[in-house]
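According to this note's numbering, the sequence shown is numbered sequentially starting from 479.
C-beta: ideal position from N, C-alpha, C; glycine also.
Model, not experiment: these values are computed from the prediction.
Here the structure is laid out as structure tokens; the discussion comes afterwards.
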Amino acid sequence: MHMKHLLITATLISTAAFAEKAVVETPAEAKVEEDRMNKEWPSLDEWATAEKLKEGNLSAEVLLGYEFVDQSGNGLKNAHALLSRARVTYEAENEEGFGGKILGQYVGPINDHFSPEDPAYDTVNDPESFRLHEAYLSYTGYDTHARIGSQEIILDNARFIGNVGWRFNAQSFNAALVQNESIENLKLLYAYADSINEISGEVNHNRQYHLMNGEYKIGKNHHISAFAYLQRNDGSADIDTFGARFRGKTETFSHDAMIAFQRDAYYGSLSGMLDLEAADIELGTEYISGGDTSRERFQTLNGTAHAFNGWADVFLDTGAGRPLGLVDVWLKGIVTPSESLDLIAVYHYFNTAAETPAGSFSGNLGNEIDAMVKYKICRNFEALTGAAFYMKGESGSPTEDKTVFWLRGTLHF
479 MHMKHLLITA TLISTAAFAE KAVVETPAEA KVEEDRMNKE WPSLDEWATA EKLKEGNLSA
539 EVLLGYEFVD QSGNGLKNAH ALLSRARVTY EAENEEGFGG KILGQYVGPI NDHFSPEDPA
599 YDTVNDPESF RLHEAYLSYT GYDTHARIGS QEIILDNARF IGNVGWRFNA QSFNAALVQN
659 ESIENLKLLY AYADSINEIS GEVNHNRQYH LMNGEYKIGK NHHISAFAYL QRNDGSADID
719 TFGARFRGKT ETFSHDAMIA FQRDAYYGSL SGMLDLEAAD IELGTEYISG GDTSRERFQT
779 LNGTAHAFNG WADVFLDTGA GRPLGLVDVW LKGIVTPSES LDLIAVYHYF NTAAETPAGS
839 FSGNLGNEID AMVKYKICRN FEALTGAAFY MKGESGSPTE DKTVFWLRGT LHF
């Protein structure tokens with residue numbers, strides 16, 4: 479049934495892609511269109527030859543990393559994970575706008591001093607895996623871009639739908655997607671995802687998505703968008719998420735606001751960043767509702783959760799909905815001494831949401847300090863080191879202290 483949905487969606491994409499634009503053409507434009515329509519369709523051999531490729535790019539990447547995790551209160555050994563990832567990518571597009579991408583990757587642990595390799599250790603969620611992370615066919619033309627196959631999908635700020643790019647395996651969707659920009663300043667996107675290639679290395683066939691997103695550009699630097707993400711779950715209740723986002727910037731200030739609703743649950747975030755000569759300073763807050771029932775607990779779906787609520791990943795369970803909900807207030811600073819060097823520091827204050835189950839803990843959920851240094855050593859090699867220090871809240875808080883440290887190097891060629 480899921481494959482049937484993909485085939486139907488692909489047919490609709492093909493139909494939309496070849497629909498003529500509703501614009502008034504000049505005689506010269508009409509002649510060009512007539513010549514194009516009368517041109518003989520290329521044979522399969524012609525389409526496949528290297529001479530027909532307008533762009534073809536073969537690239538590779540090797541990522542090496544070390545991750546230390548000290549999770550208090552669980553009786554496990556500290557994790558010392560040595561990890562590697564190799565990726566090979568080929569992308570091409572021919573003169574008619576047809577193209578494709580293949581990205582194969584292997585994630586291989588160098589040691590086993592972490593869970594899931596050894597359950598006696600704290601968890602580092604980068605298990606061994608080999609897969610085609612992305613493998614899709616694409617078409618670009620008539621103000622439309624379409625793809626079908628395994629692909630990363632990142633919508634808005636990746637809070638609800640993202641690629642989880644921080645983890646070695648990352649996340650991709652087996653999907654059909656079409657985006658159209660025929661109307662000036664307006665982008666319309668629809669995608670149907672049949673299954674999800676998760677960071678565990680497994681394929682989740684029990685969750686499907688209908689993703690709809692429209693963004694309108696206001697003036698030069700402001701955007702307003704509306705979205706509907708319809709999650710279909712085999713064996714559990716479906717979740718429909720509806721929301722809107724407004725973002726923009728001036729020469730020295732940028733802002734981002736988003737609201738979303740699910741059943742009886744709701745979400746809101748607001749942030750502003752001041753662009754100073756010496757540094758960028760951001761202040762923001764995020765509210766995720768909780769409650770007695772699953773209907774009241776907002777779920778952040780398949781987003782890039784690591785980028786939110788602290789890098790120690792203490793609150794990753796927002797993806798499934800937290801009974802206590804979550805309020806996160808943060809202050810972030812970014813200093814860029816040179817084009818190749820970034821210094822980042824973030825402070826988080828956490829609290830329960832207003833709606834919590836009767837008799838449960840309510841109050842301060844702790845604080846976190848995050849820091850990272852990124853350095854591009856040369857055109858083909860970059861490195862980063864970072865740490866996250868989470869400190870639990872007041873007495874009775876359900877969380878425990880957690881410390882995480884990273885060291886990574888990435889080689890591109």
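- CA-to-CA, the gap between L536 and G781 works out to about 29 Å.
- Annotated three-state conformation of R857 is coil, per DSSP.
- In summary, A704 is exposed, with fewer than 16 beta-carbon neighbours lying within 10 Å of its beta-carbon over all protein chains present.
- If you ignore the 5 residues before and after L802, its C-beta comes within less than 7 Å of the C-beta of G768, T830, A831, T834, S838, F839, all in its own chain and listed in chain order.
- Judged by pairs of C-beta atoms under 8 Å, the segment 581-593 does not touch the segment 634-644, as fewer than three such pairs exist.
- Contact between F828 and G844 is confirmed by a C-beta separation of about 5 Å, below the 8 Å threshold.
- Nearest Cα to M690 within the set F786, R723, Y670, F776: Y670.
- Residues A849, F883 of the same chain have their beta carbon placed closer than 6 Å to that of A865, with the five preceding and five following residues left out of the count.
- Secondary structure at H591: coil, using DSSP grouped into helix, strand and coil.
- The three-state secondary structure of S772, taken from DSSP, is helix.
- Within the same chain, Cβ atoms closer than 6 Å to the Cβ of G887 are found at L542, A861, the five residues on either side in sequence being excluded.
- Secondary structure at H683: coil, using DSSP grouped into helix, strand and coil.
- According to the DSSP secondary-structure assignment, R725 is paired through a beta bridge with H701, D734.
- Between the alpha carbons of D590 and D712 lies a distance of about 34 Å.
- DSSP assignment within the segment 778-825 yields the following whole beta strand (DSSP E) runs of 3 residues or more, N-terminal first: 804-816.
- Look at T881 here: in three-state DSSP terms it is strand.
- Secondary structure note for K665: its beta strand (DSSP E) is the uninterrupted segment 664-675.
- In the three-state reduction of the DSSP assignment, T834 falls in the coil class.
- Taken through DSSP and simplified to helix, strand or coil, I717 comes out as strand.
- For N556, the closest of L885, K880, L889, F891 by C-alpha to C-alpha distance is K880.
- Between the segment 636-655 and the segment 784-799 there are three or more inter-stretch CB-CB distances shorter than 8 Å, so the stretches are counted as touching.
- Listed as beta-bridge partners of H623 by DSSP are T618, Q657.
- Rounded to the nearest angstrom, the gap between the Cα atoms of E630 and T618 is 17 Å.
- With a 10 Å radius around the Cβ and a threshold of 16 neighbouring Cβ atoms, S747 comes out buried.
- Here DSSP, grouped into helix, strand and coil, assigns F638 to coil.
- The continuous stretches of beta strand (DSSP E) do not include Y599, and DSSP gives it neither H nor E.
- Per DSSP, the continuous beta strand (DSSP E) segment holding D758 begins and ends at 758-766.
- If one requires a minimum length of 3 residues, the beta strand (DSSP E) runs lying completely within the segment 525-586 are 531-549, 557-572, in chain order.
- Secondary structure at F867: strand, using DSSP grouped into helix, strand and coil.
- Membership of G746 in the beta strand (DSSP E) is indicated by the continuous run 743-753.
- At the C-beta level, V656 and T601 stay beyond 8 Å of one another.
- Inter-residue distance for N658 and N682 is about 28 Å (C-alpha atoms, whole angstroms).
- Straight-line spacing of the CA atoms in H558 and F546 works out to 5 Å.
- Beta-bridge annotation (DSSP): Q629 is paired with F651.
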